[in-house]
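Read through the structure below, which is laid out as structure tokens, and then see the notes.
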Amino acid sequence: MAQDIGNRMSRRLAISGLSLWLLGLVLACITLILGLVWTPSVDTETMNAPAAQRIFYWHVPSAWASMLAFTCLFAGSIAWFWKRSDWGWKLHVAAAEAGMVFGLMAITSGPIWGHAEWGVAWDWTDVRINTFGILTALSAYLVIARRSQPDGDDTRDTFSAIGLFGFALVPLTYMATRWWQRRHPGPVVGPGGGGLEPSMATTMWFGVLAFVVLFVGLLLIEWSILNAEQRISKIQNKMDGDV
């Protein structure tokens, strides 16, 4: 009975995740259309490549979604490391996957804009760019290493510790353009932000909504996959015990 309830809940989780992911994908496509067609171009006198700036409406939302994923990774690491919470470990794993996906979106779209605007795709002296790159590499390492290591408390402790210490880069990345202004554009919202025209702000926030929906959908999908892996592992262990 309990197993049937668990299976139904897992199916609902997977369906909800897939539905949100598809909705987020549609919203992300609308964001691209708004950014390329509806939103006015920036001032050509202040930008070397005003057309390339339109990637901003994809780059910024994906970066924010990745920061949300890194925050969830931190929360999951705490829950497992201190409470031995199974849901905390699942959150850690799912958030690492999402952080890698959205982080790669950000660090592939950013250099396209940077190369057109600055003439270089990656500035090794820019703190924001490099700390964000390290965060993305960290999440990719957690994803790859988990798949190559046997599951167990020691493995989970190690990866959770990495997630805890790696989170220190999140506030540093957020504040980098406020403390050290290099090539990367400064903040456009919040304290010290440069501000955006209403139509630009509308497109940006619509993009943020789209990527948050994508993030939640991906998180639920990953969670349902982890549940399925656990069920398969239990069945396999039971079969091995019966032999």
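Residue numbers (my numbering): 805 to 1047. For each residue, glycine too, the CB sits at the ideal point set by N, CA and C.
Cutoff 6 Å; reference residue i; Cβ partners in own chain excluding five residues on either side
i: Met1004; result: Thr843
i: Ala806; result: Because Ala806 carries a pLDDT of 47, less than 50, the predicted location of this residue cannot be relied on, and the following value inherits that uncertainty. Around Ala806: no qualifying Cβ.
i: Phe969; result: none
i: Trp926; result: Pro915
i: Phe971; result: Phe878
i: Gly1021; result: Gly821, Leu824, Trp825 and Gly828
i: Leu787; result: This structure does not reach residue 787, given that the chain is present from 805 up to 1047, and the question cannot be answered.
i: Trp893; result: Trp884 and Arg960
Close-in-space but distant-in-sequence residues of the same chain around residue i (CB under 8 Å, 5 per side omitted)
i: Met935; result: Residue identity check: residue 935 is Thr in the sequence provided, not Met. So the list reads Leu973, Leu976, Thr977 and Ala980, once near-sequence residues are dropped.
i: Phe1010; result: Leu831, Ile834, Thr835 and Leu838
i: Gln857; result: Ser845, Val846, Met851, Trp917 and Glu921
i: Ala949; result: Phe963
i: Phe860; result: Gly839, Trp917 and Met1008
i: Ala965; result: Ser881 and Phe885
i: Ser814; result: Ser1028, Asn1031, Ala1032 and Arg1035
i: Thr959; result: Arg950 and Gln953
Limits of the alpha helix (DSSP H) - the one that residue i falls within
i: Phe971; result: Segment: none, Phe971 is in no alpha helix (DSSP H) and carries neither H nor E.
Contact set for residue i: own chain, Cβ-Cβ below 7 Å, skip 5 residues either direction
i: Ala873; result: Ala899, Ala902, Gly903, Phe906 and Phe1019
i: Trp928; result: Asn934
i: Gly937; result: Ile911
i: Ser952; result: none
i: Val947; result: Ala900, Glu901 and Met904
i: Ser889; result: Ala883
Can you give, in chain order, each stretch of the alpha helix (DSSP H) that sits fully within the segment 883-946 and has at least 4 residues? 890-922
Between the segment 858-868 and the segment 1014-1031, do at least 3 Cβ pairs fall closer than 8 Å? yes
Is it a yes or a no for the segment 900-919 touching the segment 937-950, going by three-plus beta-carbon pairs under 8 Å? yes
The segment 1021-1035 in contact with the segment 878-885 per 3-pair CB rule at 8 Å: no
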